[in-house]
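K.L.:
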Amino acid sequence: MNAMPPSESRYTVLDAAPRRARDVLLRWEVILVILLVLTIVVNTIVSPYFLDVFNLADATFNFSEKAIIALAMALLILVRQIDLSVAAIVALAAMGIGYAAEAGFGPTGLFAVGIGIGILCGVFNGFLVTYAGLPSIVVTIGTMSLFRGITQVILGDQAKTKYPPEFLELGQSYFIKMKETGIPWLFIPPIPLSFLVFLVLTVVFGIVLHKTATGRKLFAIGSNPVAARFSGIPVERLTFLLFVVSGLLSGLAAALLTARLGSMRSNIAIGWELDIVTMVILGGVSIAGGVGSILGVFLAVLTLGLVTFGMSLNNIPGQVVSVYIGLLLIAVIAIPRIADKLGLRTSR
Amino acid sequence: MSQPILTLSGVSKSFPGVRALSDISLSLRAGRVTALIGENGAGKSTIVKVLTGIYRPDAGEIRVGGDQKHFSSPRDAWAAGIAAIHQETVMFDELSVAENIFTGHMPTGSSRFVDWSEMRNKSTALLKRIDAPIPPEFKLKRLSVAQKHLVEIARALSHEARVVIMDEPTAALSANEIDDLFRIVEQLKAEGRAIVFISHKFDEIFRIADDFVCLRDGEKVGEGPISSVTEAQLVRMMVGRPVDQVFPKRDVPIGDVVLSVKGLSNATEYADVSFDLRKGEILGLYGLVGAGRTEAMQGLFGITPVTRGTISLDGKQLSINSPSDAIAAGISYVPEDRQDQGAILSLGIRENVTLANLSKYVRGLFLSRSAEQEATRSLGRRLAVKAASWEQRLGELSGGNQQKVVIAKWLATRPKVIVLDEPTKGIDVGSKAAVHDFIGELAQDGLAVVLISSELPEVMGLADRVIVMKEGRMVDEFKRGAWSAEQIVGAATGAAKEAA
Amino acid sequence: MKGIFNYRELALALILIVGVAAIGAYQPVFLAWENISDLLTETSVLFMMALAQMVVILTRGIDLSVAANLALSGMIAALVSQYYPDTPLLLMILAGVITGLVLGLINGGLIAFLGIPPIVVTLGTLAVYRGMIIIIAKGDQVNASEMGVEFQAFPKDMFLGLTSPVWIAIAVSILFWVFLNNTRAGRGLYAVGGNPVAARYCGIDQRKQELLAYAISGAVAGLCGYLWVARYGVAYSEIANGYELTVIAACVIGGVSIGGGVGSVAGTLLGALFLGIVMTALPVLQISPFWQMAISGAVILAAVVINARAEKRPEKLILPEARRIGRVRA
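The structure is reproduced here in structure tokens:
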């Protein structure tokens, strides 16, 4: 055994590894950007209506509510949890909004009702998962039935269609109106409220996840929950909080969706949970936990939204679109693994 | 002497950064019990895994009954008549006793369907042979630890194994259960099987073994009939070197009491753990694997609930309900299981180092990267972490460097008390020395250190005082200069205290 | 093997019997043979699908694509009937089963050999399989008038007072029971899910076991696809939408642990029966069918809580006095 010299700077350790082109190119976000650009180029060639600001703005209506929930889902999957009850929460909250609207609530009140119901549902999920220690996948399959079941019991086959006009205005018109500046290619685009909310939340979530101590703790929990607990991180409390956030955003999405549709039935938002999980996984968040970025989710949302929009412009039915989306999902995850198997990639 | 049933010659096995076995030769004879002796990490479990087809050796050959064998899966080893009772019980809790005995080689009739009555009958017969009347249809999870061991022995017998390997079979057994086990071992001997017996307890080794093979750092350092050595000789062989040379003890003045633990207990794992720890002192906590040392210290750190007892730091009584309470009070715990509990392998060095006190690096609302880098640099250099960059993922570092980063994480919290649980387990010799040196430096800097270690030279080399635990309780205490290896091992194993 | 039922399943069976008796006391028509026969016919697909899902969950996996697989396989069988009406019935059914099997093997291959998490793979194939229906049928649906007479008549055939789907479900249940209890491969599923490391020490190939599980799940979905389409007389892309969650719910209620390695044929059948009874009892009791979902949600949650209690791990027993108590308890 050799004697150790005093432990002062025996090794040179860089602050950061030098960036290599290949590492940058193989980043998930870069792959998504390429996919996104490809989507835009192909669609522009195929359809003359694609690159139209008003068409594009309208296209955002179709995915913004889901995308808002996807932000919360991304954090949950990052910490190895999942919430399959989000769409059912949307239904329950939308029903509450419907009754509140009949009772004469204004737009602010209706949003508050939606968000409040969402938070309660999230607290219920979070309690069962963290304090009762149950697996989230089963719990939220159960609460998914429960929440939507309650909606069905109360609502039956009725629809709620009476909403104050100011509320509908929020959901159906552009929140920011188109403004020309006189210079071509320089204008303020029309933006619907739901997309604006999504953009703002994306920035907030991105900052929280990537720049704050809380975000770092979430990565630690997702990477190794036991070591995170040993490091003094309140794993249960943060997980609980994420379920509450998931409920909250589902309630917010319910308000936006109701305002846009102007009516709700008990089957509102049915099947959304799988679309949302697809957005998150395509966004590069690992189902095994600890890996993911909000930028990735944002790019995946845009890609999926534009693929869907472009195909609908060409009158391709929704379920055929889902074939491409399903294949895309599997392909982007399978291809790196196949490359690893064949030994094409040397770095891990 | 009879022909050997099994011989290993020149077997070597390396893992990244560690040479686990080098040039090991040994032979096992029918009707004899060979004790495999060595400290943790000496290579005993690696030999077991080579013999049972879980690891493939890098070099050397295995001969069974004179024929050379290559094991590429556990099935091959069974076929050659080798079966093991593994240290970590690898069994199926939710399946029946009979299935646990026969999974992987269930009897099937001519119809290719599993023959349950045959399986049940065979299980009953096997269990009867070892005098263990366990109903074969019981689910394994209903059995006690001792009964599970018996099922494992029945599993080994079901392979008609000529070589039965027992890897610390007595670690979790009571005295009566050990007597039962030894009767079975005698019976297996009488049936002409060769038995490999791995244990840390010398009284057992002298009671049951015929031969011994002693390992140290992956090399064979001694072998022969057990009757040719004394316990003291074996300990010396295992430990190998005059301990004081390897672990230069720093001369540190010992100050006032920092941590005072009184009557720490929980329901099933430890009872009445009490000690005072002083500034600059290194307290060794020695005992066998499973003696309750880790459990007690995890209670102190707030990971598992404590049912009784008080913890005071600097005279103030603490209420610790979670690790964050302990960290805030100034207590750190470097866990034993580096991969699962200590390191976050998929995060970088910087992110690991700052994890336990992230709030310290927050400027305004956000984490300050430069503050994190500064702390990582200074601690990383102090511990001589070897890496390409401070952003490198921990999973890419060697075990020793991972451990240094984990220790750095805990030092970053500026603790008054640091508990190190097996800090050098499974790391290479060079890093080991660096960690040892550093533990001395910590004490010099005024920290109070608790060192849990199953390696005697480590404890004797570094500690000012050693508390020995056995079966969840403190059984003895020794002061530096007034101890011997034999005394400490004796206290831990319950063997008679002989004069060194 | 000891008895067919364990205590937990006995309790579930008891709850079912008491429930059915109570409903029968209130509305005797519920206990009429026709009603029971109808109930079993309605539930027959769920019985089989739940058993197949259990096999997957035993290996610590999940198959979300089963309902989409059912719909696509059913469509293929219906198309065969529409365009090749002379094909023997057995071959038409086989067309459904083989389609299902292939779809299952695709899932299994991606999971076992590329190591992609099951939830990701089956979420993706769920979308793909369902969308394929539109592509293959060119956006159309196959109506009763376009399917063969025999094709549609078979699920309505009665034998000894029960319809053929019930008999098929009984046969499939027996096959599953024999497979899971009396073959090495069947027991291997429990071993792999219960303790993958120990299974490796016993020389069991986890990948083969996984492939097998998803293949079984697919083939059963294919068979059920035919039965569904033929019974309801229509094949289109929306059939059995969301049914995968009902199937998983039946497993959870039946005591299958989502953590793998725990689950039995009897328990799963009881779980499916529970949902089947809830579905058929509501109209008899003149309760709005809208209660069905809420009830199954509440039952799933209750079942998870009970399962989790049964699976709780004890603390380590180190102190001699604790070990003595522990032994008495064992």
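Chains as they are written, first to last, in our numbering: chain S, 2 to 349; chain Z, 58 to 557; chain E, 112 to 441.
Where a beta carbon is used, it is the ideal one built from N, C-alpha and C, also for glycine.
Quantities reported herein were computed from a predicted structural model and do not represent experimental measurements.
Can you tell me whether Y301 of chain E is buried or exposed? The criterion is at least 16 other CB atoms within 10 Å of its CB, across all chains shown.
P.N.:
buried
K.L.:
Whose C-beta lies closer than 8 Å to the C-beta of L357 of chain Z among residues of the same chain, with five residues either side of it excluded?
P.N.:
V318, L321, V363, I368, I377, A383, I388, Y390 and V476
K.L.:
Taking all protein chains shown into account, do 16 or more other C-beta atoms lie within 10 angstroms of the C-beta of I246 of chain E, making it buried, or fewer, making it exposed?
P.N.:
exposed
K.L.:
Can you name the residues of chain E whose CB is closer than 9 Å to the CB of L307 of chain S?
P.N.:
Within 9 Å Cβ-Cβ: nothing; L307 of chain S doesn't reach chain E, min ~17 Å.
K.L.:
Just how far apart, CA to CA, sit A328 of chain Z and A405 of chain E?
P.N.:
49 Å
K.L.:
Could you name the residues of the same chain whose beta carbon sits closer than 7 Å to that of G207 of chain E, not counting the 5 residues immediately before and after it, in chain order?
P.N.:
S184, G185, I187, A188, G333, L334, G336 and Y337, listed in sequence order.
K.L.:
Using the beta-carbon of each residue, which ones in chain S are nearer than 7 Å to G226 of chain E?
P.N.:
Listed along the chain, the chain S residues whose CB falls inside 7 Å of the CB of G226 of chain E are R338.
K.L.:
Just curious, the alpha helix (DSSP H) that Y354 of chain E is in, first and last residue?
P.N.:
Its alpha helix (DSSP H) spans residues Y354 to I364.
K.L.:
Identify each residue in the region 309-334 of chain S for which the Cβ-Cβ distance to at least one residue of chain E is less than 7 Å, and report them in chain order.
P.N.:
Within the region 309-334 of chain S, the residues whose Cβ lies closer than 7 Å to some Cβ of chain E are P318, Q320, V321, S323, V324, I326, G327, L328, L330, I331 and I334, listed in chain order.
K.L.:
Note down, in chain order, every chain C residue with its Cβ under 9 Å from the Cβ of V171 of chain Z.
P.N.:
This model lacks chain C altogether, as its protein chains are S, Z and E.
K.L.:
Looking only at DSSP bridge pairs, what is M223 of chain Z linked to?
P.N.:
Z:I142 and Z:F254
K.L.:
Straight-line CA distance for C362 of chain E to A124 of chain E?
P.N.:
15 Å
K.L.:
Can you check DSSP and say which residues form a bridge with L321 of chain Z?
P.N.:
In the DSSP output, where bridge partners are listed per residue, L321 of chain Z has Z:V330.
K.L.:
Run through DSSP, which three-state label would R169 of chain Z get?
P.N.:
coil
K.L.:
Assign M179 of chain S to one of two classes, buried (16 or more other C-beta atoms within 10 Å of its C-beta) or exposed (fewer than that).
P.N.:
exposed
K.L.:
On the criterion of 16 or more Cβ atoms from any shown chain inside 10 Å, does V322 of chain S qualify as buried, or is it exposed?
P.N.:
buried
K.L.:
Could you tell me which residues DSSP puts in a beta bridge with V280 of chain Z?
P.N.:
Before going on, a small fix: residue 280 of chain Z reads as Glu here, not Val. Beta-bridge pairing links E280 of chain Z to Z:V270.
K.L.:
Kindly indicate if chain S contains any beta-carbon less than 8 Å away from that of M404 of chain E.
P.N.:
yes
K.L.:
Can you give me the start and stop residues for the alpha helix (DSSP H) that K212 of chain S sits inside?
P.N.:
L194 to K212
K.L.:
Taking Cβ positions, are E55 of chain Z and I235 of chain Z nearer each other than 8 Å?
P.N.:
Absent from the structure is residue 55 of chain Z, since the part of chain Z shown begins at 58 and ends at 557.
K.L.:
Using a Cβ-Cβ distance cut-off of 8 Å, determine whether L15 of chain S contacts chain Z.
P.N.:
yes
K.L.:
Along chain Z, in chain order, which residues have C-beta atoms closer than 7 Å to that of V227 of chain S?
P.N.:
D397 and Q398
K.L.:
Can you check DSSP and say which residues form a bridge with E512 of chain Z?
P.N.:
Per DSSP, none; premise fails for E512 of chain Z.
K.L.:
With DSSP run on the structure shown, which of helix, strand or coil describes G95 of chain Z?
P.N.:
coil
K.L.:
Alpha carbon to alpha carbon, how far is F220 of chain S from L200 of chain Z?
P.N.:
39 Å
K.L.:
Less than 8 Å between CB atoms is the rule here; does V305 of chain E satisfy it with respect to chain Z?
P.N.:
Contrary to the premise, residue 305 of chain E reads as Gly rather than Val in this sequence. With its beta carbon less than 8 Å from one in chain Z, G305 of chain E belongs to the interface.
K.L.:
Would L451 of chain Z pass as a contact of A214 of chain S if the rule is Cβ separation under 8 Å?
P.N.:
no
K.L.:
In its own chain, which residues sit with a C-beta less than 7 Å from the C-beta of I222 of chain E, not counting the 5 before and 5 after it?
P.N.:
G172, P229, V232, E321 and Y325
K.L.:
Is it the case that the Cβ atoms of A77 of chain Z and T103 of chain Z are separated by a distance below 8 Å?
P.N.:
Against a cut-off of 8 Å, the Cβ pair of T103 of chain Z and A77 of chain Z comes out as a contact.
K.L.:
So, does the CB of R346 of chain S fall closer than 8 Å to a CB anywhere in chain E?
P.N.:
Annotation note: pLDDT 47 at R346 of chain S (below 50); position unreliable, coordinate value reported separately. It does not; no Cβ of chain E falls within 8 Å.
K.L.:
Would you check if the distance between the CB atom of Q31 of chain Z and the CB atom of R395 of chain Z is smaller than 8 Å?
P.N.:
Beyond the ends of chain Z as shown, which are 58 and 557, falls residue 31 of chain Z; an answer cannot be given.
K.L.:
Mind listing the chain Z neighbours of F220 of chain S? Cutoff is C-beta to C-beta under 7 Å, in chain order.
P.N.:
L404
K.L.:
Under a Cβ-count criterion, where at least 16 other Cβ atoms within 10 Å of its own Cβ denotes burial, should Q204 of chain Z be classed as buried or exposed?
P.N.:
buried
K.L.:
List the residues of chain S whose Cβ lies closer than 7 Å to the Cβ of F401 of chain E, in chain order.
P.N.:
Q153, V154 and G157
K.L.:
What are the boundary residues of the alpha helix (DSSP H) that Y325 of chain S is part of?
P.N.:
G319 to K342
K.L.:
First and last residue of the beta strand (DSSP E) that includes L271 of chain E?
P.N.:
Unbroken run through L271 of chain E: none, as it is neither H nor E.
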